[in-house]
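Residue numbers (our numbering): 2 to 111. Reviewing the structure listed below.
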Amino acid sequence: MAIPSKAGQTPQRSLDQRMDALRRANEIRSLRAQLKRDLKSGALSVDQVIESPPDYVLTAKVFDMIVAAPKYGKVKATRLLNQCRISQGKTLGGLSDRQRGELVDLLRLR
């Protein structure tokens, strides 16, 4: 009989640790939702968010942030990312300086 390995298992967490993680996740979701509302209303511009993203949005996808802005749909966002050689799955925190600068410049031109 084979003994299952623990390599693929997630670490055991206490109830308090799980509740803290859930609270943090919910707070981040709320902050991101507000950010998207601000982008949609024009209170914030997408180039500002991409140039200096807040901590809670570093793991958000660049594509999702662009699509949240007015006048940008999936097609325009895809073209923009392709022009900058950025994958649709790239996160804001994962952008290189070149990618970030190039994307911000293109967004400001539009």
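Idealized CB from N, CA, C, for every residue including glycine. Keep in mind it's a predicted model, so treat the numbers as computed, not measured.
Express the C-alpha separation of residue j and residue i in angstroms, rounding to a whole number.
i	j	result
Gln100	Val63	11 angstroms
Ile29	Arg19	15 angstroms
Pro55	Cys85	22 angstroms
Asp98	Ser53	11 angstroms
Asp17	Ala34	26 angstroms
Lys91	Ala78	13 angstroms
Ala61	Gln89	11 angstroms
Pro12	Leu107	43 angstroms
Once the 5 residues before and after residue i are set aside, which same chain residues still bring their CB inside 8 angstroms of it?
i	result
Val50	Leu36, Leu40, Val58, Met66, Leu93
Leu96	Ile51, Val63, Ile87, Leu104
Ala22	Arg14
Ala70	Leu40, Lys41, Ser46, Val47
Quick one: what does DSSP say residue i is sitting in, helix, strand or coil?
i	result
Thr79	helix
Lys37	helix
Who does residue i pair with in a DSSP beta bridge?
i	result
Thr92	Lys62
Under a Cβ-count criterion, where at least 16 other Cβ atoms within 10 Å of its own Cβ denotes burial, should residue i be classed as buried or exposed?
i	result
Leu110	exposed
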